[in-house]
Amino acid sequence: MTTTSQWGADIRRVGVDPVGREALRALIDGDIGVLVLRGLLPAAAFERHRERAATLYEHAATTYYANGKLTTIGPYLAKHLDDPDRYFAEAERMNALCAQVGFTVADEVRAAFERVLGLRVDLAEEPGGRRYAGACVRIHPDGVANPMHNDLIARDAAGTGLTVAGLAYQLSCVICLQECQGGGESKIYAKTWEPADERFKIPGGLGYDHGVVAGVPALEFAPQAHDVYVLNPRHYHEILEVSGDDRLTVGFFFGGDDALEHAVAWG
2 MTTTSQWGAD IRRVGVDPVG REALRALIDG DIGVLVLRGL LPAAAFERHR
52 ERAATLYEHA ATTYYANGKL TTIGPYLAKH LDDPDRYFAE AERMNALCAQ
102 VGFTVADEVR AAFERVLGLR VDLAEEPGGR RYAGACVRIH PDGVANPMHN
152 DLIARDAAGT GLTVAGLAYQ LSCVICLQEC QGGGESKIYA KTWEPADERF
202 KIPGGLGYDH GVVAGVPALE FAPQAHDVYV LNPRHYHEIL EVSGDDRLTV
252 GFFFGGDDAL EHAVAWG
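Those letters in the sequence shown? Residues 2 to 268, by the working numbering.
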């Protein structure tokens, strides 16, 4: 892991190191780049869900962009903002599929957040009862990188009327089920998106040109199997090229109000 003196990772061993909502506040305020929770679930739980994730590979889909591709199992909201009905239909299928095979690792992590961080995280739901996807499985095979981008649902879903568009903050949780032999680091920059950055957006591609973060401090964090890490996705971030086995993670976003007592999650 590489850091600067101003921008680093906060690694906590659950049950050994003290950890609470103040760590999430540090992410929201930009005081740290990533919060890493080790031992949040028993090792056996991670291994059990890694095996169950393997049974879902036949449901994987790849989305191609001008500058990269994303292979996922389950929908991710940003892809379907022009057609929310399709997103909710796919979310319903994904939630049912996960329940069918007992792939509940995201639910278990959210329950652990309440025990460890004092933050209750429920699955987001629209007033009419439509539920968001509980998680998105992300597969980064050998030779694949994830272009630099940021995630901000309040910006991307503005005007849609979706519940999650009105949240005061947004964080991203990543559950590492399998690490790769080399590469695959999450590189997180000490810069959040602002409207003027749109001139750096890659036409037809995913994310932004690196000119937007020129001279900005960054950290590189290589997740280990069984790590659960949380970042503020408004900060520019990318995944460096993977080498060897698939980098297999499960992700969801969560957000809420400034009190940090209750949040909702979506994939």
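The beta carbon of each residue, even a glycine, is placed where N, CA and C say it ideally should be.
Taking the alpha carbon of residue i as the point to measure from, which residue in the options has its own alpha carbon closest?
{"i": "V175", "options": "G184, C137, K192", "result": "C137"}
{"i": "N147", "options": "D84, G184, I33", "result": "G184"}
{"i": "N233", "options": "D18, L25, G21, I12", "result": "L25"}
{"i": "D247", "options": "P19, C181, R116", "result": "C181"}
{"i": "G34", "options": "E239, G257, H263", "result": "E239"}
{"i": "G245", "options": "Q179, G119, T73", "result": "Q179"}
{"i": "G135", "options": "Y88, L153, N151", "result": "Y88"}
{"i": "D18", "options": "R39, D152, G31", "result": "R39"}
{"i": "L57", "options": "A27, L82, L28, R94", "result": "R94"}
{"i": "H81", "options": "G69, N68, T64, A97", "result": "T64"}
{"i": "G257", "options": "A169, I74, V145", "result": "A169"}
{"i": "E48", "options": "A264, E262, T250", "result": "T250"}
{"i": "L124", "options": "I74, I29, A92", "result": "A92"}
Do you know offhand how far residue i's Cα is from residue j's?
{"i": "Q171", "j": "D143", "result": "30 Å"}
{"i": "Y237", "j": "F114", "result": "25 Å"}
{"i": "A90", "j": "G16", "result": "39 Å"}
{"i": "A79", "j": "R14", "result": "32 Å"}
{"i": "V37", "j": "E195", "result": "26 Å"}
{"i": "G9", "j": "P85", "result": "36 Å"}
{"i": "C177", "j": "G268", "result": "16 Å"}
{"i": "T4", "j": "D11", "result": "The predicted model places T4 with a pLDDT of 36, which falls under 50 and marks its position as unreliable, so this point remains unresolved."}
{"i": "E186", "j": "E242", "result": "8 Å"}
{"i": "R139", "j": "L71", "result": "8 Å"}
{"i": "A100", "j": "A62", "result": "20 Å"}
{"i": "P204", "j": "A159", "result": "21 Å"}
{"i": "M2", "j": "V231", "result": "For M2, the predicted structure reports a pLDDT of 33, less than 50, and the residue's modelled location is therefore unreliable. The matter cannot be settled from this model."}
{"i": "R235", "j": "P76", "result": "20 Å"}
{"i": "A97", "j": "E126", "result": "15 Å"}
{"i": "E59", "j": "H141", "result": "15 Å"}
{"i": "G167", "j": "A44", "result": "36 Å"}
{"i": "G119", "j": "E262", "result": "7 Å"}
{"i": "R22", "j": "L28", "result": "10 Å"}
{"i": "K202", "j": "A264", "result": "30 Å"}
{"i": "A223", "j": "Y209", "result": "22 Å"}
{"i": "N68", "j": "D152", "result": "17 Å"}
{"i": "M149", "j": "D157", "result": "17 Å"}
{"i": "V122", "j": "H211", "result": "34 Å"}
{"i": "V145", "j": "T73", "result": "13 Å"}
{"i": "S173", "j": "D30", "result": "14 Å"}
{"i": "R200", "j": "D32", "result": "27 Å"}
{"i": "V20", "j": "D83", "result": "39 Å"}
Less than 8 Å between the CB atoms is what I'm expecting for residue i and residue j, so what's the real figure, rounded?
{"i": "Y66", "j": "G252", "result": "Contact doesn't hold; Cβ gap of about 18 Å is too wide."}
{"i": "E109", "j": "A197", "result": "At roughly 41 Å, the Cβ-Cβ gap does not stay under 8 Å, so E109 and A197 are not in contact."}
{"i": "V117", "j": "L41", "result": "7 Å"}
{"i": "R1", "j": "A260", "result": "Residue numbering for the chain in the displayed model covers 2 to 268; residue 1 lies beyond these limits and cannot be assessed."}
{"i": "I154", "j": "F255", "result": "In fact, because the Cβ distance is near 11 Å, the residues do not count as touching under 8 Å."}
Determine, using beta-carbon pairs with one atom in the region 209 to 220 and one in the region 157 to 171, whether at least three such pairs fall under 8 Å.
no
On the three-pair Cβ rule with 8 Å, is the region 217 to 237 touching the region 187 to 207?
yes
Counting beta carbon pairs with one atom in the region 122 to 133 and one in the region 223 to 243, are three or more of them shorter than 8 Å?
no
So, does the region 99 to 113 touch the region 50 to 68, judging by three or more C-beta pairs under 8 Å?
yes
For the region 24 to 63, list the alpha helix (DSSP H) runs that are entirely contained and at least 4 residues long, ordered along the chain.
Runs found: 44 to 55.
Hey, which unbroken runs of the alpha helix (DSSP H) at 4 residues or more fall wholly within the region 107 to 171?
154 to 157
Only counting runs of 3 or more residues, tell me where the beta strand (DSSP E) segments fall wholly within the region 233 to 261, in order along the chain.
236 to 240, 248 to 257
Continuous alpha helix (DSSP H) assignments of at least 4 residues falling wholly in the region 173 to 235:
Counting whole runs of 4 or more residues, the region 173 to 235 contains no alpha helix (DSSP H) stretch at all.
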